[in-house]
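Asks: Numbering (my numbering), first residue to last: 707 to 1358.
So, in structure tokens, the structure goes:
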């Protein structure tokens, strides 16, 4: 099923007819791809999407496409992109998809339809070895870092052989996060044209290859960081392009909120102080300046912790900002004094710029603009931080992207909460003439999936809820024989339930945070039947086809916390416009998150899976019908015998 929303395109011109014919050639019954791709067969939804993408690229009218799981959306945009003759950027939400396009789809298309195809993959700075920082660390290694000795030995061998410097080649081989941070360069740490190793810089070489390519594959963080650089007049990270396809576009607005905001964190300050001590320790006066910054930072972050209390985040109202004003000015003055004393070589100039930049960001956080930006604080495992974020990202995208580029495609398996793409169009700031298309999944959820909600459970806020969740999960895992993601909306419930169950379950039990994400996924697949306990965000970009993943169990409906500062600011903005914040923001986004969970289960036509939601509000509250409609035609049951029956064919 294909649903075209919004303005209907005019009757096909000869150019449109040509594009239609081209899509039929490459994605139709007699496609040359069949010779290179085992099991290739035409998919009507894929053809419809490809034609819509071809029209969008030809006419310069933005397109939003929800393409259900199994549509084959990657080929549906890559084929018309390659045939367009334009320089196209493909931006993904995850590195996993970026690597898949690089290693799977593009080599396939190069063999089948474009032997001379030139493409390049660009990742963020944190993915490339920085020769200058690596050599500096190797000459004076900090062996107190976890795994530094073995990791450095591995890097010495690899650095002599690698052509790309892409650290993804060696992740999982002893390269811990702490060591990776020491041998890569953030935008603040990079010396750019002043670097003594600029001639053989891995990042610069990747950018040179991207400039010569027909198609460049990036991720949202890098793409949006490039827009921010250009908007600020600070150069560019990407070569010039003529069109952009955003895959996993449901993640784009949240990434834009990060990129178009500013933050001052303990981690950022500690990194600056560590770099100065290593690269420009200086005399007694400089040591005093460093100590002054350290003391001022300790004061403001201690006050921040007291203000925030047990909460993970806090919206900073005028009263909060008044209390932070004095320690904030002390820190800014200490940073400016430190910067003034760094007046030596290129490295010292760069360090001075970083210190001054943090002082400027502190000043920005202290001056939010009502209705446009929100100041907030966060307390996490990495320490405390101050942020200033845009309430809406649409205006930033309009100014930085849309006014210059109109050949834009936004696609994902989950963009329409209840068949309506207008909320995502408005969130991204796209005009009303944007073409909207919904392509249903070719899979059959009525046969392949089952939605289960228990007969009774304590309310999610009740103190007995985690214990009841643990009991329900244990029973469901017996029926699914493990092979499940158990996902939570809070870290507290994750820790409580996994703690109650992991010693009682006869399966390999994996818990988010105990190993890197990719390592957990590898073990989940390799040690099946396994159970993975994680937060609900874990399923983004996860692909586990086959029987290894047969159940996704969610503790609560995935509503964003209403006291989250960014959510609260967006709700307030909607209510000022006469709209209901719950109905127009919190409910649609929760529905999309739950649809993502169902999408994790059904990756192929033969997959079968259970989506269990241990939150009875899905059936007892009026808004539960919105969730049910979005998950239709997946059958809903509240009877565990139906779950047992669902898994019987596998046992047989």
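Glycine residues also receive a C-beta, built at the ideal position from the N, C-alpha and C atoms.
1. Looking at residue 1217 and the ligand SAM, is the gap between the Cβ and the nearest heavy atom below 7 Å?
2. Since residue 1135 and residue 1101 are thought to touch, with beta carbons under 8 Å apart, how far apart are those beta carbons, to the nearest angstrom?
3. Given residue 1107, which residues of its chain have a CB within under 7 Å of its CB, disregarding the five upstream and five downstream residues?
4. Can you give me the Cβ contacts of residue 1280 inside the same chain, cut-off strictly under 8 Å, excluding the 5 residues immediately before and after it?
5. CB-CB under 8 Å to residue 1072, same chain, minus the five flanking residues each way: which ones, in chain order?
6. Consult DSSP for residue 1341 and reduce its assignment to one of helix, strand or coil.
7. How close, in whole Å, do the beta carbons of residue 1309 and residue 1249 come, if the pair is a contact with beta carbons under 8 Å?
8. My understanding is that residue 1141 touches residue 795, with C-beta atoms under 8 Å, so please give their C-beta distance in whole angstroms.
9. CB-CB under 6 Å to residue 1194, same chain, minus the five flanking residues each way: which ones, in chain order?
10. Tell me whether the beta-carbon of residue 753 lies closer than 8 Å to the beta-carbon of residue 729.
11. Do residue 972 and residue 1018 have their C-beta atoms closer together than 8 Å?
12. Whose CA, out of 918, 1172, 908, lies closest to the CA of residue 869?
13. Give a yes or no on whether the C-beta atoms belonging to residue 811 and residue 780 are separated by under 8 Å.
14. Which ranges would you report for the alpha helix (DSSP H) in the segment 811 to 881 if only whole runs of at least 4 residues count?
15. Beta-carbon of residue 806 versus every beta-carbon of chain B: anything under 8 Å?
16. Hey, how far is the Cα of residue 856 from the Cα of residue 1158?
17. Within 10 angstroms of the Cβ of residue 965, are there 16 or more other Cβ atoms? Answer buried if so, exposed if not.
18. For residue 827, does the count of other Cβ atoms within 10 angstroms reach 16, so buried, or fall short, so exposed?
19. What do you get for residue 1220, buried or exposed, if any count of 16 or more other CB atoms within 10 angstroms of its CB means buried?
20. Suppose contacts are defined by Cβ-Cβ distances below 8 Å. Is residue 1273 in contact with residue 1336 by that definition?
21. Under a Cβ-count criterion, where at least 16 other Cβ atoms within 10 Å of its own Cβ denotes burial, should residue 1188 be classed as buried or exposed?
22. Which residues in the same chain as residue 1358 place their Cβ atom closer than 6 Å to its Cβ, once the five residues preceding and following it in sequence are excluded?
23. Near residue 1172, what residues of its chain come up, given a Cβ to Cβ distance below 7 Å and the 5 sequence neighbours on each side ignored?
24. Which stretch, first to last residue, makes up the beta strand (DSSP E) that contains residue 1215?
25. How would you label residue 927, buried or exposed, when you count the other beta carbons within 10 angstroms and need 16 or more for buried?
26. Can residue 931 and residue 1099 be called in contact, C-beta distance under 8 Å?
27. When the Cα of residue 953 is compared with those of 863, 1000, 807, 1066, which residue comes out closest?
28. Note down the Cα distance separating residue 1225 from residue 801, rounded to an integer number of angstroms.
29. What are the start and end residues of each continuous alpha helix (DSSP H) run of 4 or more residues lying completely inside the segment 916 to 989, in chain order?
30. Tell me which residues share the same chain as residue 904 and place their Cβ nearer than 7 Å to its Cβ, disregarding the 5 neighbours each side in the sequence.
31. Around the Cβ of residue 906, are there at least 16 other Cβ atoms within 10 angstroms (buried) or fewer (exposed)?
32. Can you tell me which of the three DSSP states residue 1164 falls into?
33. In this structure, what does DSSP give as the bridge partners for residue 1240?
34. Using C-beta distances below 7 Å, list every residue in its chain close to residue 967, excluding the 5 sequence neighbours before and after it, in chain order.
35. Report yes if the C-beta distance between residue 1068 and residue 970 is below 8 Å; otherwise report no.
36. In the DSSP assignment, the beta strand (DSSP E) including residue 770 goes from what residue to what residue?
Replies: From the atom records:
1. With respect to the ligand SAM, the structure shown offers nothing to examine, as it has no ligands at all.
2. The residue given as residue 1135 occupies position 429 in the chain shown. The residue given as residue 1101 occupies position 395 in the chain shown. Confirmed, Cβ separation roughly 6 Å.
3. As a working mapping, residue 1107 is identified with position 401 in the chain shown. So the list reads 933, once near-sequence residues are dropped.
4. To locate residue 1280, count along the chain shown from 1; it is residue 574. Closer than 8 Å at Cβ, skipping near neighbours: 1286, 1287, 1290, 1291.
5. Residue 1072 sits at position 366 when you count from the first residue of the chain shown. Closer than 8 Å at the Cβ level, and outside the excluded window around residue 1072, lie 1027, 1030, 1031, 1034, 1081.
6. For the purposes of this step, residue 1341 is identified with residue 635 of the chain shown, where counting begins at 1. Residue state, collapsed to three classes: coil.
7. The residue you call residue 1309 lines up with position 603 of the chain shown. The residue you call residue 1249 lines up with position 543 of the chain shown. Residue 1309 to residue 1249, Cβ: 6 Å. Contact.
8. Locating residue 1141 in the chain shown gives position 435, where the first residue counts as 1. Locating residue 795 in the chain shown gives position 89, where the first residue counts as 1. About 20 Å separates the two Cβ atoms, so there is no contact after all.
9. The sequence position of residue 1194 within the chain shown is 488, counting from 1. For residue 1194, where only same-chain residues beyond five positions count, the Cβ hits under 6 Å are 1200, 1241, 1261.
10. Along the chain shown, read from residue 1 onward, the residue named residue 753 stands at position 47. Along the chain shown, read from residue 1 onward, the residue named residue 729 stands at position 23. Contact: yes.
11. Walking along the chain shown from the start, residue 972 turns up at place 266. Walking along the chain shown from the start, residue 1018 turns up at place 312. In this structure, residue 1018 does not lie closer than 8 Å to residue 972 by Cβ.
12. In the chain shown, the residue the question calls residue 869 occupies position 163. For the residues 918, 1172, 908, the minimum Cα distance to residue 869 belongs to 908.
13. For the purposes of this step, residue 811 is identified with residue 105 of the chain shown, where counting begins at 1. For the purposes of this step, residue 780 is identified with residue 74 of the chain shown, where counting begins at 1. Result yes, Cβ atoms of residue 811 and residue 780 sit closer than 8 Å.
14. 812 to 818, 837 to 845, 854 to 867
15. The displayed structure is made up of one protein chain only, and chain B is not part of it.
16. Here residue 856 refers to the residue found at position 150 when the chain shown is read from its first residue. Here residue 1158 refers to the residue found at position 452 when the chain shown is read from its first residue. When rounded, the distance between both Cα atoms is 48 Å.
17. As a first step, residue 965 is located in the chain shown; it is residue number 259 there, counting from the start. By the neighbour-count rule (16 or more Cβ atoms within 10 Å), residue 965 is buried.
18. In the chain shown, residue 827 corresponds to position 121, counting from 1. Buried is the call here.
19. Numbered from 1 along the chain shown, position 514 holds the residue referred to as residue 1220. The residue in question, residue 1220, is exposed, as its Cβ has fewer than 16 Cβ neighbours within 10 Å.
20. Locating residue 1273 in the chain shown gives position 567, counting from the first residue. Locating residue 1336 in the chain shown gives position 630, counting from the first residue. In this structure, residue 1336 does not lie closer than 8 Å to residue 1273 by Cβ.
21. Within the chain shown, the letter at position 482 stands for residue 1188. Under this definition residue 1188 is a buried residue.
22. Walking along the chain shown from the start, residue 1358 turns up at place 652. Below a pLDDT of 50, predicted positions are generally treated as unreliable, and residue 1358, at 45, falls in that range; no measurement from the model is reported.
23. Here the question's residue 1172 lines up with position 466 in the chain shown. Same-chain partners within the cutoff: 1199, 1202, 1203.
24. For the purposes of this step, residue 1215 is taken as residue 509 along the chain shown, with counting starting at 1. Run containing residue 1215: 1214 to 1217, per the beta strand (DSSP E) assignment.
25. Residue numbering aside, residue 927 sits at position 221 when the chain shown is read from its first letter. Residue 927 should be labelled buried.
26. Here residue 931 is taken as the residue at index 225 of the chain shown, counted from 1. Here residue 1099 is taken as the residue at index 393 of the chain shown, counted from 1. Contact flag unset, no.
27. Within the chain shown, residue 953 is the residue found at index 247, counting from 1. That would be 807, whose Cα lies nearest to the Cα of residue 953.
28. Residue numbering aside, residue 1225 sits at position 519 when the chain shown is read from its first letter. Residue numbering aside, residue 801 sits at position 95 when the chain shown is read from its first letter. In a straight line, the C-alpha of residue 1225 is about 15 Å away from that of residue 801.
29. 926 to 937, 958 to 965, 972 to 985
30. As a working note, residue 904 is residue 198 in the chain shown. Excluding positions up to five away in sequence, the list reads 910.
31. Along the chain shown, one-based indexing puts residue 906 at 200. It is exposed - the Cβ of residue 906 has fewer than 16 other Cβ atoms within 10 Å.
32. Translated into the one-based positions of the chain shown, residue 1164 becomes position 458. Coil.
33. In the chain shown, residue 1240 corresponds to position 534, counting from 1. DSSP, once it has assigned bridges, lists 1193 as partnering residue 1240.
34. The sequence position of residue 967 within the chain shown is 261, counting from 1. Excluding sequence neighbours, residue 967 sits near 1093, 1094, 1095, 1096.
35. As a position in the chain shown, residue 1068 is number 362, starting the count at 1. As a position in the chain shown, residue 970 is number 264, starting the count at 1. Yes, these two residues count as a Cβ contact at 8 Å.
36. Sequence index remark: in the chain shown, residue 770 carries index 64 (1-based). Here the beta strand (DSSP E) through residue 770 covers 769 to 773.
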